[in-house]
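Each remark here refers to the structure printed beneath this line.
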Amino acid sequence: MDKSDNMKAATTHLHTQVPDVESPKALRQALGRFATGVTVVTAYEDDAHAAPLGITANSFASVSLDPPLVLWSPARASLRHAHFTAAHGFAIHILHEDQWDLAMRFNKNGKGFEGLDYDLNDEGVPILADCHARFECRTESLHEGGDHTIIIGRILRFSEGHGEPMLFAHGSFGRFVANS
Ligand SMILES: Cc1cc2nc3c(=O)[nH]c(=O)nc-3n(C[C@H](O)[C@H](O)[C@H](O)COP(=O)(O)O)c2cc1C
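Just so you know, we're using the numbering used here here: the sequence shown kicks off at 4 and counts up by one.
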């Protein structure tokens, strides 16, 4: 079998479907074929009872090098949506492959910042020391994105750790294995 036969074999297995808003399961499953990294996005609540906020998110993407911009998108349904969209700044922590506990901590019903060490950066954003890479951002603009809001941030500072990133695909966490 040469390369073109392989492509033919792959395409003959495609089943075309139209998105069903009543039942988004199939669409979510198809979108889950796109492997991503995993991040924890942090910010501070913008009110009198300010508390540090964090959320596990894989909607992170780089946008622009000049100016240095990134995006992520909180779901409107999230209890923390209002706080993240009001925050003047946020930090993206890209998780390394052994940080499954951190991903769970900031997922639904996780412990959040309870018992976790963190610092505040110059903009007052909570930052975690241990991660694969970190981008400290100032909120640049918000955009409507259906049931999510797209938040674009300007990178003020960034730092890199070591090792390999955590991956997420097919609804599961995994590890990166290079071909060579
Ligand atoms: C791997 C992974 C990626 C996620 N990505 C996002 C995301 O990009 N945006 C988002 O709003 N929620 C995302 N979530 C869900 C949130 O972490 C959280 O569980 C959800 O928003 C419920 O939070 P709430 O308590 O604020 O309602 C993700 C969860 C996991 C496990």
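Even glycine gets a Cβ: it sits at the ideal position worked out from N, Cα and C.
For the 8 angstroms CB-CB criterion, His91 and Arg141 form a contact. A direct Cα-to-Cα measurement between Thr152 and Lys28 gives close to 21 angstroms.
Across the set Pro168, Gly115, Ser76 and Asn124, the C-alpha of Ser76 shows the shortest separation from the C-alpha of His146. As for any alpha helix (DSSP H) of minimum length 4 sitting wholly inside the region 96–131, the runs are 103–108, ordered along the chain. Rounded to the nearest whole angstrom, the CA to CA distance from Arg36 to Ser175 is 11 angstroms.
Pairing Val73 with Ile97 gives a Cβ-Cβ distance that is not under 8 angstroms.
DSSP links Gly148 through a beta bridge to His151. Comparing C-alpha distances from Lys111 to each of Ala80, Ile130, His16 and Leu159 shows the shortest one belongs to Ala80.
Under the criterion of beta carbons closer than 8 angstroms, Phe179 and Pro168 qualify as touching, at roughly 6 angstroms. Judged by DSSP secondary structure, Leu72 falls within the beta strand (DSSP E) whose first and last residues are Leu72 to Trp75. Scanning its chain for C-beta atoms nearer than 6 angstroms, with the 5 sequence neighbours on each side dropped, one finds around Ala53 the residues Tyr47, in chain order. Between Phe93 and Thr42, the C-beta gap is not smaller than 8 angstroms, which leaves the two residues out of contact. Ala33 sits away from Phe171, with the two beta carbons spaced by 8 angstroms or more.
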